[in-house]
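J.:
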Amino acid sequence: MSALFQPFEMGGVSLANRIVVSPMCQYSAVEGLAQPWHLIHVGGLMLSGAGLVIMEATATEAAGRITHGCLGLYTDEHEAALSSLVSEARKLSDAAIGIQLGHAGRRASCRSIRDRNKGESLPPEEGAWQTFGPSAFGYDETWHTPKAMDADDIARVTQSFVDAAVRAGRAGFDVLEIHAAHGYLLHQFLSPVTNHRTDAYGGSMENRMRFPLEVVRAVRAVWPKQKALGVRVNSTDWHPDGQSIDEAVAFARQLEALGVDYVVMSAGNLAPGSKIPAATPGHQVDFATLIKKHTRLVSMAVGLIATPELAEEIVSEEKADLVAIGRAMLDNPRWGLHAAARLGVDVDYAPQYLRARPNNWLGFPLVHPDAQPVKATRQVDRPASGAGWDRPAT
Ligand SMILES: Cc1cc2nc3c(=O)[nH]c(=O)nc-3n(C[C@H](O)[C@H](O)[C@H](O)COP(=O)(O)O)c2cc1C
10 MSALFQPFEM
20 GGVSLANRIV
30 VSPMCQYSAV
40 EGLAQPWHLI
50 HVGGLMLSGA
60 GLVIMEATAT
70 EAAGRITHGC
80 LGLYTDEHEA
90 ALSSLVSEAR
100 KLSDAAIGIQ
110 LGHAGRRASC
120 RSIRDRNKGE
130 SLPPEEGAWQ
140 TFGPSAFGYD
150 ETWHTPKAMD
160 ADDIARVTQS
170 FVDAAVRAGR
180 AGFDVLEIHA
190 AHGYLLHQFL
200 SPVTNHRTDA
210 YGGSMENRMR
220 FPLEVVRAVR
230 AVWPKQKALG
240 VRVNSTDWHP
250 DGQSIDEAVA
260 FARQLEALGV
270 DYVVMSAGNL
280 APGSKIPAAT
290 PGHQVDFATL
300 IKKHTRLVSM
310 AVGLIATPEL
320 AEEIVSEEKA
330 DLVAIGRAML
340 DNPRWGLHAA
350 ARLGVDVDYA
360 PQYLRARPNN
370 WLGFPLVHPD
380 AQPVKATRQV
390 DRPASGAGWD
400 RPAT
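In this text, residue positions in the sequence shown follow this note's numbering: the first is 10, and each later residue adds one.
1) Verify the contact flag: His188, CB atom, against every heavy atom of ligand 1, threshold strictly below 7 Å.
2) Tell me the rounded alpha-carbon separation between Thr84 and His191.
3) Is Arg407 helix, strand or coil by DSSP?
4) Where does Thr245 sit, in a helix, a strand or coil, going by DSSP?
5) Please state whether the Cβ-Cβ distance between Ala72 and Gln15 is less than 8 Å.
6) For the alpha helix (DSSP H) that Leu6 lies in, which residues bound it at each end?
7) List the whole-angstrom C-beta distance separating Glu186 from Gln109, where the pair is believed to meet the contact cut-off of C-beta under 8 Å.
8) Determine the direct distance from the alpha carbon of Asp246 to that of Asp183, and round the result to whole angstroms.
9) So which of Pro317, Ala189, Arg336 and Lys100 has the shortest CA-CA distance to Gly114?
10) Assign Glu129 to one of two classes, buried (16 or more other C-beta atoms within 10 Å of its C-beta) or exposed (fewer than that).
11) Can you find a heavy atom of ligand 1 that lies under 7 Å from the Cβ of Gly345?
12) Give the secondary structure of His188 by DSSP, where H, G and I count as helix, E and B as strand, and everything else as coil.
13) Buried or exposed: which applies to Ala25, given that a residue is buried once 16 or more other Cβ atoms fall within 10 Å of its Cβ?
14) Kindly indicate which residue of Met19, Ser275, Phe220 and Cys79 has the alpha-carbon position closest to the one of Asp124.
15) Going by the DSSP bridge assignment, what does Tyr271 pair with across the sheet?
16) Leaving out five residues before and five after Asp330 in sequence, what residues of the same chain have Cβ atoms less than 6 Å from its Cβ?
17) Could you tell me how far apart the beta carbons of Ile75 and Pro32 are, in whole angstroms, since I believe they sit closer than 8 Å?
18) Which residues in the same chain have their Cβ closer than 6 Å to the Cβ of Leu91, if we skip the five residues on either side of it in sequence?
19) Do Leu199 and Gln252 have their C-beta atoms within less than 8 Å of each other?
20) Do you know offhand how far Arg10's Cα is from Met338's?
21) Should Gly345 and Ala89 be called a contact, given that it needs their Cβ atoms to be closer than 8 Å?
22) Helix, strand or coil for Glu326, going by three-state DSSP, please let me know.
Next comes the structure, spelled out in structure tokens:
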């Protein structure tokens with residue numbers, strides 16, 4: 010019996026299985042607004058077989074967008090666009106839908122991958138904006154210098170997370186993930202590499218955690234109890250002066266105390282000078298296992314989990330409770346359905362796609378030359394003539 014396909018309860022949300030679509034920026038919004046692309050993208054992933062689909066990093070204020078193409082959730086119009094997307098997506102499958110809220114901090118106002126120039130600060134003629142950070146120095150000398158956030162900025166950004174969380178709840182999302190990793194604003198406060206403050210928000214680890222914890226506490230207070238709240242954390246910055254894994258675990262313990270339901274342990278992307286080891290399959294799973302060991306939080310593993318066998322191993326050996334799949338889902342938006350076939354699990358297909366179900370056509374072996382058809386509980390009715398149909402695999 011597959012562990013990956015066992016249902017799971019998290020913070021009042023029921024998941025059909027342990028597969029999560031990791032949040033992935035699409036750089037396709039206009040003025041922060043979701044476009045038809047987002048429904049195509051999310052809609053496809055709702056049919057992926059995953060138990061939970063988490064939408065991309067969505068900015069809580071305009072200045073928190075990474076690029077001009079990033080989603081935002083800071084006006085009624087943004088809320089209406091996402092609300093209509095959620096209600097359309099719900100018609101496609103029973104997968105739970107989540108959204109990641111974030112603020113890019115000093116890494117805002119840059120060109121996007123869609124301009125083939127990821128990682129370059131926007132020049133003024135392309136609509137650059139004032140960025141914010143814990144301290145007034147940029148990612149490197151070519152990046153904008155952020156304004157070091159004062160008390161008003163801290164209060165404003167905290168409130169922007171609260172307001173966006175309220176909007177996300179109204180828009181119908183089941184799960185909210187706060188982005189505190191990958192070198193964006195909350196992580197910039199957490200890491201000593203990016204936080205050089207000398208006030209209550211800098212210096213000791215307790216001080217560096219203060220702003221991210223204030224944000225999480227304020228969001229938890231407004232995010233409905235029957236919905237799940239998660240945080241994406243950097244396990245390590247892979248930087249000699251960066252946040253250590255012990256600090257990440259201590260942060261996770263604080264998150265647990267605030268009523269967070271899950272943590273997803275990622276890594277890297279903080280600042281130049283990071284020495285990131287070459288990624289290997291499941292290279293961040295050990296960090297997720299540490300969370301299981303040291304907290305009672307639900308632990309989500311992410312990072313180069315691309316095969317059903319690896320995903321199954323992670324869950325069955327209790328290295329993590331959930332697995333988040335990123336690029337493998339972009340490459341193959343039926344990843345979860347194909348994983349089920351590989352692991353011999355019978356899962357539902359959308360009625361429109363039922364004829365492509367493994368047991369219904371001979372193309373199934375294309376998934377894997379050695380794959381065996383799974384036993385069906387729900388068979389497509391074949392037309393009497395059988396015309397145009399492949400012979401179902403026995
Ligand atoms: C196109 C793309 C966009 C991404 N955007 C986000 C994002 O919005 N938020 C986030 O936390 N991680 C983001 N990531 C990181 C992924 O969620 C994931 O952690 C990473 O790709 C590693 O998982 P994988 O090996 O399964 O792809 C992005 C990754 C890709 C490939």
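Glycine included, every Cβ here is placed at the ideal spot set by N, Cα and C.
T.: Per the coordinate set shown:
1) yes
2) 26 Å
3) There is simply no residue 407 to check, as the chain begins at 10 and stops at 403 in what is shown.
4) coil
5) At a Cβ-Cβ threshold of 8 Å, Ala72 and Gln15 do not count as neighbours.
6) It is not possible to answer for residue 6, since the shown part of the chain is limited to 10 through 403.
7) 4 Å
8) 30 Å
9) Ala189
10) exposed
11) no
12) strand
13) buried
14) Cys79
15) Gly239 and Val307
16) Val307 and Ser308
17) That belief does not hold up - the Cβ atoms of Ile75 and Pro32 are roughly 12 Å apart, past 8 Å.
18) Answer for Leu91: Ala43 and Ala180, listed in chain order.
19) The Cβ atoms of Leu199 and Gln252 lie closer than 8 Å to each other.
20) In the sequence under discussion, the amino acid at residue 10 is Met, which differs from the Arg named in the question. Rounded to the nearest angstrom, the two C-alpha atoms are 23 Å apart.
21) no
22) Three-state DSSP puts Glu326 in coil, outside helix and strand.
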